[in-house]
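For the sequence shown, this note's numbering gives the first residue as -11, with consecutive numbering after it.
Even for Gly, the Cβ is constructed at its ideal location relative to N, Cα and C.
For clarity, every value in this text was computed on a predicted model and none was experimentally measured.
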Amino acid sequence: MHVSADLVCGLQWGDEGKGKAVDYISKNYDVVARFNGGDNAGHTVVHQGSTYKFHVIPSGVLRGCLGVIGSGVVLNPSSLEEELRQLSGDEKIVISKRAHLILPSYKLLDQKLESLKGDKVGTTGRGIGPAYAFKAFRFGVRVGDLFQDGLEEKLSEIRRLVESLNVEWIQPDVNHWKEVLAPYVGDDYKVLHEAYLEGRRILFEAAQGVLLDLDFGTYPFVTSSYTFTNGVHAGSGFNAKELGDIIGVSKAYTTRVGNGAFPSEIFGETADHIREQGAEFGTTTGRPRRVGWLDLVALRYAVRVSGCNKVFLTKVDVLSGLDKVGLITSYEVDGQRYSDWFDFSQGALELVKPIVEWCNGWGSVLNEGKLNANLLAFMEAVEGAAGAKIQWVSYGPSDHETLCML
Ligand code: IMP
């Protein structure tokens, strides 16, 4: 029997609460797979009273799922080692032999590239961009290369390139890396294909969000990978035709770390309140996140481009207690209003004036087990504009603070 594989992806600029969503949903799956990004992503999971910090390991491994780290991921073995230390060692993990390694000098190169830019991207400084760039230059080192002849020559070539850019070369401890990675190296495509044929349920877990996608995000203020449906096949070899549900995660408001256009951004007391209530400080870098209202124009775009058919709405509790809650319903450009706006590039977005409509605020999310009527009206406005149903509403970090709307 074949069952389809599903995807969870972010509909905003990352940090939508995908960690919680995946943790909640992954109970229904046997395999959870990552296909993009690296240790720029991060989430904290509380499982059976213990707290775990994950960057590339799918949290589903804690409940016995097979965790797959696909070819499209860029891997820093030192940071992976930290993650692995939190586990018991009984977890099942396969790391693609095709995943590219983040070498120590790439972090320095990340900083150097930022310093050369007038408009800084505000990267996480983890060497993500250089790792993907070296991959595209065909100068990359893949996980499988660690176990093959010719590694020293490859590293020497990279060293020459790095030094030609006046960046210090830091020799990686490849013998240690081999020890760390050896128990897990495999073929993502093969493992996923076999799992699929055996009728095992597969959940793909995207990192970052649609608006940070290299091509469909707010370029150049984006990450360097394919962050939604487009990345599944590219980053794991899994047949894209077999994808079933595309579950998009969105907060009830918006945040962004790093620079770039953010039409619905707000400042002042309300922004500070939301930032504090929502603990909106980067998991990977600790940076305070920029805050804004939920942007329905951007959400509609993200739903369309990703093919999202189910929305997981998060953090509605953070807005509890506000008198009114804003929703951006259209953009105004040269006196014309657009609720469908397809150009999410930086230059175009700088020109738009966001039009805000106000919803009545809500107090407690649930009253006698029923969603607050004002929150329900807010959700209906979101569904209408986004063109996808909200299937789950999350109103706190733990699993039981989730309402399934079925
Ligand atoms: P990089 O991925 O480190 O190259 O950073 C590029 C941009 O993506 C920066 O604006 C980062 O703040 C942003 N970014 C990368 N990963 C995440 C994430 O997991 N959540 C939110 N923003 C991220």
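Candidates the options, of which the one nearest residue i by Cα
i       : options                           : result
Leu153  : Asn227, Gly5 and Pro118           : Pro118
Leu75   : Pro46, Trp329, Leu180 and Ser238  : Pro46
Phe269  : Glu102, Gly225, Thr112 and Ser238 : Thr112
Ser333  : Gln379, Asp203 and Lys341         : Asp203
Ala87   : Ala361, Thr211 and Ala222         : Ala222
Ala286  : Gly256, Glu230, Thr273 and Ile343 : Ile343
Ala228  : Phe255, Phe209 and Phe192         : Phe192
Met367  : Glu356, Gly349, Tyr289 and Asn355 : Gly349
Gly58   : Ile234, Arg325, Ser386 and Val19  : Val19
Val353  : Gly323, Gly309 and Ala259         : Gly309
Glu338  : Asp176, Phe250, Glu345 and Ser327 : Phe250
Asp176  : Val56, His43 and Lys6             : Val56
Arg189  : Gly115, Val131 and Lys15          : Lys15
Asn163  : Glu140, Thr206 and His31          : Glu140
Asn362  : Ala373, Phe330, Leu307 and Val321 : Leu307
Gly26   : Ser212, Gly266, Cys347 and Asp322 : Ser212
Trp380  : Ser318, Leu89, Ala240 and Tyr17   : Ala240
Asp260  : Gly384, Val44 and Gly280          : Gly280
Asp107  : Asp98, Gly248, Gly187 and Gly37   : Gly248
Gly(-2) : Asp78, Leu231, Gly357 and Thr242  : Thr242
Asp305  : Arg263, Trp1, Tyr319 and Asp322   : Arg263
Asp161  : Gln196, Ile90 and Ser224          : Ile90
Ser327  : Gly314, Arg288, Ser294 and Gly295 : Arg288
Gly197  : Glu186, Phe209 and Lys358         : Phe209
Gly375  : Gln159, Val173 and Gly295         : Gly295
Pro385  : Gly2, Trp1, Tyr12 and Ala336      : Tyr12
Collapsed DSSP secondary structure at residue i in the structure displayed
i      : result
Gln324 : strand
Asn163 : helix
His88  : strand
His43  : coil
Phe122 : helix
Ile158 : coil
Phe250 : coil
Ser38  : strand
Asp201 : coil
Tyr55  : According to the sequence displayed, residue 55 carries Gly and not Tyr. Three-state result, Gly55: strand.
Leu50  : helix
Tyr28  : Checking the sequence, you will find Asn at residue 28 rather than Tyr. Looking at Asn28 - three-state DSSP - the assignment turns out to be coil, as it is neither helix nor strand.
Leu310 : coil
Lys397 : Residue 397 is absent from the structure shown; the chain starts at -11 and stops at 394.
Arg130 : strand
Thr272 : coil
Gly113 : coil
Tyr207 : coil
Arg244 : strand
Which residues DSSP lists as bridging residue i, in chain order
i      : result
Ile235 : Val(-4) and Lys298
Leu364 : DSSP, once it has assigned bridges, lists no residue as partnering Leu364.
Ser318 : Ile343
Ser382 : Thr390
Phe192 : Leu(-5) and Ala21
Lys80  : Leu54
Tyr172 : According to DSSP, which records beta bridges pairwise, Tyr172 is partnered with nothing at all.
Leu354 : Leu359
Phe255 : BP columns for Phe255 are empty, so no partner.
Asn348 : Lys312
Alpha-carbon to alpha-carbon, residue j and residue i
i       : j       : result
Lys142  : Arg148  : 10 Å
Ser252  : Asn24   : 27 Å
Glu257  : Ala183  : 50 Å
Val155  : Lys100  : 8 Å
Val179  : Lys312  : 49 Å
Asp233  : Val299  : 10 Å
Lys85   : Phe216  : 22 Å
Gly48   : Asp(-6) : 14 Å
Cys53   : Val82   : 11 Å
Ser144  : Phe125  : 15 Å
Phe135  : Lys166  : 7 Å
Val370  : Glu4    : 15 Å
Gly246  : Val109  : 6 Å
Asn355  : Thr272  : 36 Å
His388  : Leu50   : 18 Å
Val(-9) : Ala21   : 16 Å
Leu72   : Thr206  : 33 Å
Thr32   : Arg244  : 18 Å
Gly290  : Trp329  : A small correction: the amino acid at residue 290 is Ala; Gly does not occupy that position in the sequence shown. Cα to Cα, the separation comes out at about 11 Å.
Gly60   : Lys80   : 19 Å
Ile316  : Val34   : 33 Å
Ser219  : Ala121  : It is worth fixing the name first, because residue 219 is Gly in this sequence and not Ser. One C-alpha to the other measures close to 16 Å.
Lys341  : Asp283  : 12 Å
Phe127  : Tyr94   : 12 Å
Phe255  : Ala267  : 16 Å
Arg114  : Asp78   : 28 Å
Test: residue i CB closer than 7 Å to a CB of chain C
i      : result
Glu186 : No chain C appears in this structure, which consists of one protein chain only.
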